[in-house]
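Accompanying notes for the structure given below.
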Amino acid sequence: MQQSNRLRPFFENITFDRADNEMILNFGPQHPSAHGQLRLMLHMQQEQITKAHPDIGYLHRGMEKMAENMIYNEFMPTTDRMDYIASSSNNYGFALAVEKLIGLDVPRRAKVIRMLLLEVNRLMSHLFWLATTALDIGAMTVFLFAFREREYLMDLVEDYCGARLTHAAIRIGGVPLDLPDNFMDDLRKFLDKLPENIKDYEDLLDTNRIWLMRMENVGVISKEMALSWGCSGVMLRASGVAWDIRKEEPYELYDEVEFNVPVSDKGDNYARYKLYMAEMRESAKILYQVIDMYEGTSTELMAHAPQYISAPKLDIMTQNYALMQHFVLVTQGMRPPVGEVYIPTESPKGELGYYINSQGGPYPYRLKLRAPSFWHTGILTDLLPGHYIPDVVSIIGTTNIVFGEVDR
Amino acid sequence: MAQHQVNYLKDGGLPVALTTIDKVVNWGRSNSIWALTYGLACCGIEMMASGASRYDFDRFGTIFRASPRQAELMVVAGTLTKKHAEFIRRLYDQMTEPKWVISMGSCANTGGMFNTYSTVQGVDRVIPVDLYLPGCAPRPETLQYAVMMLQQKIRKEPASRAQKPKRLM
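Chains V and G, in that order, are what the protein sequence lines are. Residue numbers for the first sequence follow this note's numbering, beginning at 1 and rising by one. Residue numbers for the second sequence follow this note's numbering, beginning at 1001 and rising by one.
What follows is the structure, given as structure tokens:
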């Protein structure tokens, strides 16, 4: 039955020379620790890897091309599906890029809500990272613990925008909704308990012999290597470069809040793990400060720019001109001025950048997504040789790559 | 010689249950559906969440297995691209009979929002699908409901005969 349409393995642009003892191991694309659809071609001498070739594109959905046929607001939900662990940070990056292109100023309350969403997403992403990496290495308990806390955060986001995973909670020019009544109390309750939870994880992992053996001095990235491969985020900071875009080019309200950028110069898996844990604590610190900022802001949520942004609902219902504007903006889309813009933001994974080239039309002429995971996948070529098979899993784990983002 | 004397007609009845082979086999099959970990994209995260602490898929006897040879349910969670289509067919063929497929999320059902050059417009073009699960991304409860629907479907099927070849769309 299967003979007529038998499938043959297909290797594109890869030549195999098997003169010596070399074995070629195909890792993925369906592998429980491949974080989605990573495929690695590993050339091995015994257990040791001599050459690694990451093969990507198994989740290529053509987002950049889609963007060229969509009006700006229409593209927003698509950005959710890039780094689907922390959707709002993708929404935000895109919204910020378009706002810079137009030259919009966002009301303060919207900024505060955006900050809340960004940091909640960072916590969600880091907890997810911890859960999956621990699971890959065999610590099932940590997986269950971290997912438990992550569900509380998802409840919070669900309270705000109604979605658990793909939020689309940020609009160009502001945010669509005000916070629900009990949001701040719930968030504060969660944050009060977070240090305890983080301590639980650390108690389980920090001095765990297996965890240390799999993490310490495995996957060491030197400073030069990290810089030359274009690493960002935790990958870069674990290698001794104190680079955080929230500090270097503060966007939103990051220049008003007090927080540290944890850095380590070890460069191995364990250093990255410690940085993720430290960043969770910093996120909690930021969130406490942002909660206090919310009080006393005016109730405006969207920027006032009739040419680009629809008026508030009340105006649309009562004023003819606002309704006309709204109709044009929904059917035809906003037309940003001619120009190009590149805006980097610090997503939980690293530098997430949006490049938009506008020719004055309602569709972007070109939209480039600079996703951090793409570069962190590339580094596997240099990082894996010399390591052993079990190390591959822990290294992929700590690079924190998400394939929606790599392949786009 | 047995000393105990049980009056089967009095003390709780006979220790015998009358049933059919079909029902026994299907009872076992439907309550131990082992699923393949096949998270392709965003829906895979919700699939993980449904296996994790709050939603706890183990209650249904559903345990995620990493190997297709140990799995009987394939939850296609996420976007299937043309580059990956070859592998999904191979994995499906590697699963042992009887096997079922749940197509989770809009992307797997119809291609969803990604109507582009690289996306397969529905996994039912490659493998036969038993259950379609709408949503983008469906909540964990939805996936659990789908598994319960699948259990009902399994209980109605004859257990002894080989599965009929399913039709591709």
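Positions of the beta carbon are idealized from the N, C-alpha and C atoms, including for glycine.
Mind checking if residue i is an interface residue toward chain G, Cβ cutoff 8 Å exclusive?
i                     : result
residue 81 (chain V)  : yes
residue 78 (chain V)  : yes
residue 164 (chain V) : yes
residue 2 (chain V)   : With a pLDDT of 45 at residue 2 (chain V), under the threshold of 50, the predicted position of this residue should be treated as unreliable, though the coordinate-derived value follows. Yes, contact with chain G.
residue 306 (chain V) : no
residue 147 (chain V) : yes
residue 302 (chain V) : no
residue 85 (chain V)  : yes
residue 57 (chain V)  : yes
Does the CB of residue i have a neighbour CB from chain V at under 8 Å?
i                      : result
residue 1074 (chain G) : no
residue 959 (chain G)  : A question about residue 959 (chain G) goes unanswered here, because the residues of chain G that appear run from 1001 up to 1169.
residue 1108 (chain G) : no
residue 1057 (chain G) : no
residue 1156 (chain G) : no
residue 1118 (chain G) : yes
residue 1071 (chain G) : no
residue 1045 (chain G) : yes
residue 1049 (chain G) : yes
residue 1146 (chain G) : no
residue 1091 (chain G) : yes
residue 1104 (chain G) : no
residue 1137 (chain G) : yes
Applying a beta-carbon distance threshold of less than 8 Å, which residues of chain G neighbour residue i?
i                     : result
residue 410 (chain V) : One cannot answer for residue 410 (chain V) here, as it falls past the ends of chain V, which runs 1 to 408.
residue 60 (chain V)  : 1081, 1083, 1118
residue 65 (chain V)  : 1116, 1117
residue 29 (chain V)  : 1084, 1087
Check for me: the alpha helix (DSSP H) holding residue i runs from which residue to which?
i                      : result
residue 345 (chain V)  : Here residue 345 (chain V) belongs to no alpha helix (DSSP H); instead the beta strand (DSSP E) covers 339-347.
residue 89 (chain V)   : 87-102
residue 199 (chain V)  : 183-205
residue 236 (chain V)  : 234-237
residue 125 (chain V)  : 108-137
residue 382 (chain V)  : 380-383
residue 154 (chain V)  : 140-161
residue 1029 (chain G) : 1021-1030
residue 32 (chain V)   : Segment: none, residue 32 (chain V) is in no alpha helix (DSSP H) and carries neither H nor E.
residue 105 (chain V)  : From DSSP, residue 105 (chain V) is part of no alpha helix (DSSP H); its letter is neither H nor E.
residue 178 (chain V)  : Segment: none, residue 178 (chain V) is in no alpha helix (DSSP H) and carries neither H nor E.
residue 166 (chain V)  : Counting along the chain, residue 166 (chain V) falls outside any alpha helix (DSSP H), and DSSP gives it neither H nor E.
residue 362 (chain V)  : First-last for residue 362 (chain V): undefined, no H or E at that position.
residue 407 (chain V)  : 403-407
residue 83 (chain V)   : Per DSSP, residue 83 (chain V) belongs to no alpha helix (DSSP H) and is neither H nor E.
residue 386 (chain V)  : Careful: residue 386 (chain V) lies outside any alpha helix (DSSP H) and carries neither H nor E.
Mind pulling the chain G residues with CB within less than 7 Å of residue i?
i                     : result
residue 32 (chain V)  : 1037, 1066
residue 404 (chain V) : 1041, 1042
Which bits of chain V does residue i rub up against, with CB to CB less than 7 Å?
i                      : result
residue 1141 (chain G) : Under the 7 Å cutoff, chain V gives no residues; its nearest Cβ is about 10 Å from residue 1141 (chain G).
residue 1159 (chain G) : Those within 7 Å of residue 1159 (chain G) in chain V number zero; the least Cβ separation is about 22 Å.
Which residues mark the beginning and the end of the beta strand (DSSP E) in which residue i is found?
i                      : result
residue 24 (chain V)   : 23-27
residue 1034 (chain G) : 1034-1036
residue 370 (chain V)  : 366-370
What residues of chain V sit near residue i, judged by a beta carbon separation below 8 Å?
i                      : result
residue 1133 (chain G) : The contacting residues do not exist; residue 1133 (chain G) stays about 14 Å from chain V at best.
residue 1149 (chain G) : The contacting residues do not exist; residue 1149 (chain G) stays about 21 Å from chain V at best.
How would you list, in chain order, the residues of chain G whose beta-carbon sits under 9 Å from the beta-carbon of residue i?
i                    : result
residue 36 (chain V) : 1039, 1040, 1041, 1044, 1078
Within the stretch 46-80 of chain V, ranges of the beta strand (DSSP E) (whole runs, at least 3 residues): 48-55
Would you list, in sequence order, the uninterrupted alpha helix (DSSP H) runs of no fewer than 4 residues that lie entirely inside the stretch 1043-1113 of chain G? 1082-1094, 1106-1110
Mind checking the stretch 149-160 of chain V against chain G and listing, in chain order, the residues whose C-beta falls within less than 7 Å of any C-beta there? 151
Could I get the ranges of all uninterrupted beta strand (DSSP E) runs contained in the stretch 1114-1166 of chain G, with 3 residues as the minimum, in chain order? 1131-1133
Quick check on the DSSP output: what are the complete beta strand (DSSP E) runs of length 3 or more inside the stretch 271-354 of chain V, in order along the chain? 339-347
Identify every run of the alpha helix (DSSP H) within the stretch 212-271 of chain V, keeping only runs that are complete inside it and at least 4 residues long; order them along the chain. 223-228, 234-237, 245-248
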